[in-house]
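Residue numbers (this note's numbering): 710 to 1172. Structure, as C-alpha cells:
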C-alpha cells in the first residue's frame, strides 16, 4: 500500500524520522505521501511544501519517483519467485503468486503466511496479504481485508459482497456512474439483471464481474528473474568514511541475498561502485572461491574489502552489481553436528580471512608434479582440485631439514623405493626411501643416498 514510501524509507538510516515524498512542478511542490511520524506533525498528502514548512521544519523529503515503484515491484517479484514459479506483476503496486502448489513445501497457509509477513517486514515493506481462489479476487479483496483466506467460491462471493464499487477494481468512470445510481457495494451491482448492466455499460463491466467470481479466467504473464543484480542507493549527503557506508552496504547485500534466494542461485563475484561527484567511480571487486548467498556472510566479505580501500573523494552514491550468479548448492551438514553453534564452517572462515587479509594471504597446499619430496608441494590460492599420487604413501609432515637417525631400534617396514630426479635444474638426487618405525611406534620416512653409507636420514613423519 505504501510501496514508494517504503522504498525510500528502507534506505534511510533513520526510518522512524518524519519523511515526505514530494511531487509537482518546481514552482509548486506538493506532498505526495507522508510516513506516520510526518503525519503526527500535521503533514498530509496534497499539502503544498510551503504549508508543510509552516507547520514544521524537522522533516526529511525525497522525490516521488513512479519508476522506483516499478523497480521495487520487480524486486519483490524476485523475492516471491523463491516460493512459486507463477509470480505476476499484472496489477500495479501488487504481487500475485500461486500458493497451492507451495503449501506442501512451506507448510499450511497460516504457517506460510507468517513466514511471508516476517520476510516482508525484514525487507522493510508494509503489506496486506489475502488468499483467494483466483488472482483478480485476491487483488480487490486486499483493498478491504488483511489476513483473509477464502477457501471456496461460496465464501468468495460472501467476501466480495461488501466491497465498495470504487474499490472493486472497476473503471473509475464506471464506478462513478454506479455510485450515482445509488449502488454502493459490489453485492448491489451483482444483484442487478445482467441484461440491464449490458445495456447501460460496456462489456468490460460484466467481464470484470465474471473474473472476480472465477467464471472467466484471467490471463497473466509470469515473471522471469533477470540474469544479473544491479541496485543503487543515492546518499543524501557527502560521505567521507567507511563507517557511514555500512548501512547502505548492509541493505544492498540483504537485497542481493533475497534476489539470489528467489532465483535459487548464489554469487561468486560482484562489484561495489562508490560514486563521486567530480571523479570516476571507485570500483571494489569482491570475489569468492565458491557461490554464496547468506546475507551476513556477503556483508562481512564486502565490508572487509571496503575497509581496505581509501576513500579519496566524497561519495554521493553506492551501487552493487552482480553478474556472476551460478547455481547454489547448499552445504551438506551432518544430522548430529557436534560443532559449537558459534563456530564457522571452514568455507566461510576462509572467505572472511581472504576479505580481511587479502587474497594472497590465505593459501593452501597442493601437489606438484615432482618426485623430490621437498619439491612435491606448493602453495595454492585457488580451489581447483590438484593431482594426487595414487597408491603411493607419502608423509603428511615433512621436516624443514632432514635429520640423521640413530639406526639402533629403528625397524624398516617397507622399502627401498628409489627416487632419482632433478638432473635438469642442478638439484638432482639419488635416494633409496624406507618406511620406518621407531621404538615408540612412530612411523617415518627416511632415505639413504645411493652409494653412500652415512646412515638413514629422516625426512618426514606419517600421521
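For glycine and all other residues, C-beta sits at the position ideal for the given N, C-alpha and C. Just so it is clear, the structure is predicted and the values come from calculations on it, not from any experiment.
Item                                                                                                                            : Value
For residue 910, three-class secondary structure by DSSP                                                                        : coil
Option nearest residue 1161 by Cα separation, candidates 1138, 819, 926 and 957                                                 : 1138
Three CB pairs or more closer than 8 angstroms across the region 867-881 and the region 753-764                                 : no
Touch test, the region 979-987 against the region 793-806, Cβ-Cβ under 8 angstroms, three pairs minimum                         : no
Buried or exposed (CB count within 10 angstroms, at least 16 for buried), residue 1036                                          : exposed
Helix, strand or coil at residue 1154 according to DSSP, with G and I counted as helix                                          : strand
Per DSSP, the bridge partner or partners of residue 985                                                                         : 1024
Between the CA atoms of residue 1021 and residue 953 - distance to the nearest angstrom                                         : 15 angstroms
DSSP-derived helix/strand/coil call for residue 827                                                                             : helix
Nearest to residue 670 (by Cα), restricted to the options 1136, 1121, 731 and 1130                                              : The structure shown does not extend to residue 670, since the chain spans only 710 to 1172, so no value can be given for it.
Beta-carbon separation (whole angstroms), residue 964 vs residue 835, contact threshold 8 angstroms                             : Wrong, their Cβ atoms sit about 17 angstroms apart, outside the cutoff.
Residue 946 classed as buried or exposed, judged by whether at least 16 other C-beta atoms fall within 10 angstroms             : exposed
Three-state class that DSSP yields for residue 1094 in the structure shown                                                      : Its pLDDT being 49, under 50, residue 1094 is placed unreliably in this model, and the value from its coordinates should be taken loosely. Coil at residue 1094, not helix or strand.
Spatial neighbours of residue 1175 in its chain, beta-carbon cut-off 7 angstroms, leaving aside the 5 residues before and after : The requested residue 1175 does not occur in the structure, where the chain is confined to residues 710 to 1172.
Classification of residue 1094 by the beta-carbon crowding that lies within 10 angstroms, buried from 16 upward                 : Annotation note: pLDDT 49 at residue 1094 (below 50); position unreliable, no value reported.
Check whether residue 942 and residue 918 have beta carbons under 9 angstroms apart                                             : no
Candidates 1147, 749 and 733: closest to residue 764 by CA position                                                             : 749
Exposed unless 16 or more other CB atoms sit within 10 angstroms - verdict on residue 992                                       : exposed
CA nearest to the CA of residue 734, picked from 772, 808, 784 and 790                                                          : 772
Cβ neighbours of residue 674 in the same chain (closer than 7 angstroms, five flanking residues each side left out)             : No answer is possible for residue 674: it lies beyond the span of the chain, which begins at 710 and ends at 1172.
Alpha helix (DSSP H) runs contained entirely in the region 988-1023, provided each spans 4 or more residues                     : 1004-1016
Cβ separation of residue 1107 and residue 1125, assumed to be a contact under 8 angstroms, to the nearest whole Å               : 19 angstroms between Cβ atoms; not a contact.
Contact check, residue 938 vs residue 968, beta carbons under 9 angstroms                                                       : yes
CB-CB length for residue 973 against residue 791, believed under 8 angstroms                                                    : 7 angstroms
For residue 751 and residue 742, the rounded distance between their alpha carbons                                               : 12 angstroms
Residue 797 in three-state terms, based on DSSP                                                                                 : strand
Residue 1171 versus residue 1127: straight-line alpha-carbon distance, rounded                                                  : 19 angstroms
Cα-Cα separation between residue 949 and residue 985, rounded to whole angstroms                                                : 11 angstroms
Run of the beta strand (DSSP E) containing residue 1166, from where it starts to where it stops                                 : 1166-1170
Cutoff 8 angstroms; reference residue 1061; Cβ partners in own chain excluding five residues on either side                     : 1006, 1009, 1010, 1013 and 1053
Collapsed DSSP secondary structure at residue 778 in the structure displayed                                                    : helix
Cβ separation of residue 729 and residue 793, assumed to be a contact under 8 angstroms, to the nearest whole Å                 : In fact, because the Cβ distance is near 35 angstroms, the residues do not count as touching under 8 angstroms.
Cutoff 6 angstroms; reference residue 712; Cβ partners in own chain excluding five residues on either side                      : 778, 781 and 802
C-beta atoms of residue 998 and residue 1059 nearer than 9 angstroms                                                            : yes
Cβ-based burial, residue 1115 [other Cβ within 10 Å; buried from 16]                                                            : exposed
Neighbourhood of residue 1217 by C-beta, 6 angstroms cutoff - its chain only, sequence neighbours within 5 removed              : One cannot answer for residue 1217 here, as it falls past the ends of the chain, which runs 710 to 1172.
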